[in-house]
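J.: For the numbering used here, add 4 to where a residue sits in the sequence shown, where the first one is 1.
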Amino acid sequence: MDFAIFHLDGLGNRALIASIAILHVLINHAFAVGALPLIAYLEHLGIKTGDERWDRLARQLLAVTFFFTTTVGAMTGVGIWFSSSLVNPYSIGSLLRIFFWGWFAEWLVFITEVCLIMAYYLTWDSWRAERKRAHQNLGRFLAVFSWITMALIVAVLSFMMTSGEWHEHRSFWVAFLNPLYLPQLGFRTFLALTSGGLLAMTLIPWFTDGRDNSLRRPAMRLCASWVLTALIPLGLCALWYWKTVPQAMTGNLAVALTTMEFTSWHRHLLLGATSAIGLVVSYCLATLLRPVSPLSKWALVPLLLTLALLGLFERVREFIRKPYVIPQYMYSNTYRLEDYPLLQKDGVLKHAAFSPITRIEPGNQVEAGRQVFLLTCSRCHTTGGVNGLTAKFKKLLGSEPWAQEPVANYISNMHGARPFMPPFPGNPEELKALSAYIVQLQSHPESGLGAQNFGIFATKEAP
């Protein structure tokens with residue numbers, strides 16, 4: 005392990021990344037990828053019909069989009085890089101080596117997107133008359149570049165689920181065009197368009213005069229048609245996506261949806277998700293028939309339901325790929341499969357560059373176990389916080405004092421019992437040390453174990 009271990013013991017490392025990433029996806033899909041094409045189309049309607057109100061409505065929607073994408077969206081985008089570099093430096097490093105030129109292109113596209121949205125928003129009032137069509141083209145280019153940004157990132161996300169023939173060819177294009185790329189790209193594209201349409205339906209009642217429905221009526225009907233049109237290919241892409249996901253991953257669906265504690269509830273959650281989709285369709289159909297009604301002010305409900313489904317999709321996508329972070333190459337504990345024979349022979353401590361302990365002795369077993377926990381378990385688990393070890397072993401072994409042997413037996417067989425957990429990478433001595441540390445946690449809980457709390461220790465060679 006060539007990096008010092010950052011460990012957030014309360015919230016947990018994976019929850020840190022997940023909270024930032026899901027918020028970023030919600031902003032990116034609903035505002036950038038989803039809303040911008042609709043805004044560009046509304047501006048086009050203003051030019052085509054000569055009705056200034058369409059142009060003004062598009063400008064108001066853009067103001068909201070501009071605010072959220074350049075603040076929350078931008079900060080969470082940087083936050084994903086920062087948190088993943090802290091928590092999973094090996095994983096993000098491996099992905100950067102595979103997708104170097106893809107990410108290089110994505111940064112260029114992203115910078116272009118930022119320049120375009122600033123130019124599009126700031127020149128709205130000044131580019132009039134003969135320059136108005138040039139301004140409209142800015143909006144079109146912005147919508148396209150926002151989609152390209154997502155299209156490049158989706159290649160990485162889908163590769164993390166199924167790498168295709170990359171192991172044989174080690175080619176960028178084989179990794180980029182993996183089997184799940186097109187299904188996931190299509191699914192995200194139409195889900196974003198659906199979210200963007202519902203976002204506009206939520207804002208239009210606030211931006212139009214309720215006493216004059218001559219604009220609100222066609223605007224709400226247009227957005228309802230937009231959403232319903234996007235839902236048809238969205239359903240087809242969802243089915244395509246599901247059929248393409250490897251069967252080994254779909255077996256993790258129950259846990260991915262509801263966690264281990266509530267796996268018996270996953271059917272109820274699926275029923276709730278289906279009901280939410282039905283509500284969105286019903287709302288849009290009702291709006292299509294009666295675009296101006298008291299119901300129009302409740303558009304926030306289907307929007308929130310859609311965003312909740314998007315967040316659930318992200319949770320499921322991240323979980324079902326386990327125990328891997330890169331299929332058949334790297335486990336979620338950041339150890340490569342090809343390194344396991346060496347590590348299970350020598351131990352992980354011997355090859356940890358920043359562990360203060362490299363050899364287990366009678367007097368340092370618990371401290372060695374603490375280091376083994378940080379090296380092999382802390383990417384997903386905490387000691388007593390979210391996904392904490394003490395709570396899990398309490399459910400397994402009860403409240404009576406634990407013994408090392410059953411703890412060690414469970415860890416050595418956990419991959420067989422729970423396939424979404426990677427095999428233990430250390431040797432038998434480290435397994436005993438880890439078990440001793442976990443047993444001590446029952447009577448002596450502790451937290452704050454990362455290098456950010458204790459500092460960085462360079463490994464000293466054993467005499």
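Just so it is clear, CB atoms sit at the ideal spot from N, CA and C, and this is done for glycine as well.
Mind checking who Arg-340 pairs with in its DSSP beta bridge?
T.: To locate residue 340, count along the sequence shown from 1; it is residue 336. Met-334, per the DSSP bridge assignment.
J.: Alpha carbon to alpha carbon, what distance is there between Thr-116 and Leu-126?
T.: As a working note, residue 126 is residue 122 in the sequence shown. As a working note, residue 116 is residue 112 in the sequence shown. One C-alpha to the other measures close to 15 Å.
J.: Take Pro-467 and list the residues in its own chain whose beta-carbon comes closer than 6 Å to its own, dropping the five residues that flank it on each side.
T.: Mapped onto the sequence shown, residue 467 falls at position 463. For Pro-467, the predicted model reports a pLDDT of 38, less than 50, meaning its position is unreliable; a value from the coordinates is still stated below. Around Pro-467: no qualifying Cβ.
J.: Should His-448 be labelled buried (16 or more other beta-carbon atoms within 10 Å of its own) or exposed?
T.: By 1-based counting over the sequence shown, the position of residue 448 is 444. That one is exposed.
J.: Starting from His-173, follow the alpha helix (DSSP H) in both directions and report where the run begins and ends.
T.: Locating residue 173 in the sequence shown gives position 169, where the first residue counts as 1. Looking at the DSSP string, the run of the alpha helix (DSSP H) that includes His-173 is 170–173.
J.: Taking its Cβ as the centre, do 16 or more other Cβ atoms sit within 10 Å of Ser-300, making it buried, or is it exposed?
T.: To locate residue 300, count along the sequence shown from 1; it is residue 296. By the neighbour-count rule (16 or more Cβ atoms within 10 Å), Ser-300 is buried.
J.: Does the distance from the C-beta atom of Pro-327 to that of Met-425 stay below 8 Å?
T.: As a first step, residue 327 must be located in the sequence shown, where it is residue number 323. As a first step, residue 425 must be located in the sequence shown, where it is residue number 421. In contact: Pro-327 and Met-425 (Cβ atoms closer than 8 Å).
J.: Which residues does DSSP pair with Tyr-328 in a beta bridge?
T.: Residue numbering aside, residue 328 sits at position 324 when the sequence shown is read from its first letter. Per DSSP, Tyr-335.
J.: Exposed or buried, which one is Phe-163 when buried takes at least 16 other CB atoms within 10 Å?
T.: As a first step, residue 163 must be located in the sequence shown, where it is residue number 159. Under this definition Phe-163 is a buried residue.
J.: Along the alpha helix (DSSP H) that carries Val-376, what are the first and last residues, could you check?
T.: For this step, residue 376 is matched to residue 372 along the sequence shown. Looking at the DSSP string, the run of the alpha helix (DSSP H) that includes Val-376 is 369–380.
J.: Can you say whether Pro-187 is buried or exposed, counting buried as having 16 or more other CB atoms within 10 angstroms of its CB?
T.: For the purposes of this step, residue 187 is taken as residue 183 along the sequence shown, with counting starting at 1. Buried, since its Cβ has 16 or more Cβ neighbours within 10 Å.
J.: Would Pro-366 be called buried (16 or more neighbouring beta carbons within 10 Å of its own) or exposed?
T.: As a first step, residue 366 is located in the sequence shown; it is residue number 362 there, counting from the start. Exposed, because fewer than 16 other Cβ atoms sit within 10 Å of the Cβ of Pro-366.
J.: List the residues that DSSP assigns as beta-bridge partners of Thr-386.
T.: Locating residue 386 in the sequence shown gives position 382, where the first residue counts as 1. Its beta-bridge partners are Gly-392.
J.: Could you pull the start and end residues of the alpha helix (DSSP H) that Trp-210 belongs to?
T.: In the sequence shown, the residue the question calls residue 210 occupies position 206. Note, Trp-210: alpha helix (DSSP H), 185–211.
J.: Over the uninterrupted alpha helix (DSSP H) stretch that includes Glu-409, give me the two end residues.
T.: As a position in the sequence shown, residue 409 is number 405, starting the count at 1. First-last of the alpha helix (DSSP H) with Glu-409: 408–421.
J.: Ordered along the chain, which non-local residues of its own chain (more than five positions away) have a Cβ less than 7 Å from that of Gln-251?
T.: Counted from its first residue, the sequence shown places residue 251 at position 247. Nothing listed; no residue qualifies.
J.: Could you tell me the distance, in whole angstroms, from the CA atom of Gly-217 to the CA atom of Ile-208?
T.: For this step, residue 217 is matched to residue 213 along the sequence shown. For this step, residue 208 is matched to residue 204 along the sequence shown. Before going further, note that residue 217 is Asn rather than Gly in the sequence given. If you take the alpha carbons of Asn-217 and Ile-208, they lie about 11 Å apart.
J.: Is Gly-388 near the ligand COA - that is, is its Cβ less than 7 Å away from at least one heavy atom of it?
T.: The ligand COA is not part of the structure shown, which contains no ligands of any sort.
J.: If we count the other Cβ atoms within 10 Å of its Cβ and call it buried at 16 or more, is Arg-135 buried or exposed?
T.: In the sequence shown, counting from the first residue as 1, residue 135 sits at position 131. The residue is exposed, with fewer than 16 neighbouring Cβ atoms inside 10 Å.
J.: Go ahead and pull the three-state DSSP assignment for Pro-467.
T.: To locate residue 467, count along the sequence shown from 1; it is residue 463. Any reading at Pro-467 must be qualified, since the residue scores a pLDDT of 38, below 50, and its modelled position is unreliable; no value is offered.
J.: Given this structure, state the Cα-to-Cα distance separating Leu-219 from Glu-322, to the nearest angstrom.
T.: As a first step, residue 219 must be located in the sequence shown, where it is residue number 215. As a first step, residue 322 must be located in the sequence shown, where it is residue number 318. Each residue's Cα considered, the two are about 42 Å apart.
J.: Can you list the alpha helix (DSSP H) stretches of 4 or more residues lying completely in the region 25–55, in chain order?
T.: Entirely contained in the region 25–55, the alpha helix (DSSP H) runs reaching 4 residues are, in chain order, 40–53.
J.: Any idea if Arg-383 is buried or exposed, counting beta-carbon neighbours within 10 angstroms, 16 or more meaning buried?
T.: Position 379 of the sequence shown, counting from 1, holds the residue named residue 383. Label assigned to Arg-383: buried.
J.: Is the distance from the Cβ of Val-352 to the Cβ of Leu-438 below 8 Å?
T.: The count along the sequence shown starts at 1 and reaches residue 352 at position 348. The count along the sequence shown starts at 1 and reaches residue 438 at position 434. Not in contact: Val-352 and Leu-438 (Cβ atoms no closer than 8 Å).
J.: What is the DSSP secondary structure of Thr-153, counted as helix, strand or coil?
T.: The residue given as residue 153 occupies position 149 in the sequence shown. Helix at Thr-153.
J.: Which residue's Cα is closest to the Cα of Gly-143: Leu-400, Ile-330 and Ala-44?
T.: Stepping through the sequence shown from its first residue, residue 143 is reached at position 139. When only C-alpha atoms are compared, the closest one is Ala-44.
J.: Compute the distance between the beta-carbons of Cys-227 and Gly-201, then report whether it is under 8 Å.
T.: For the purposes of this step, residue 227 is taken as the residue at position 223 of the sequence shown. For the purposes of this step, residue 201 is taken as the residue at position 197 of the sequence shown. In this structure, Gly-201 lies closer than 8 Å to Cys-227 by Cβ.
J.: Would you kindly check if the distance between the Cβ of Ser-359 and the Cβ of Leu-379 is under 8 Å?
T.: If you number the sequence shown from 1, residue 379 lands on position 375. If you number the sequence shown from 1, residue 359 lands on position 355. Contact: yes.
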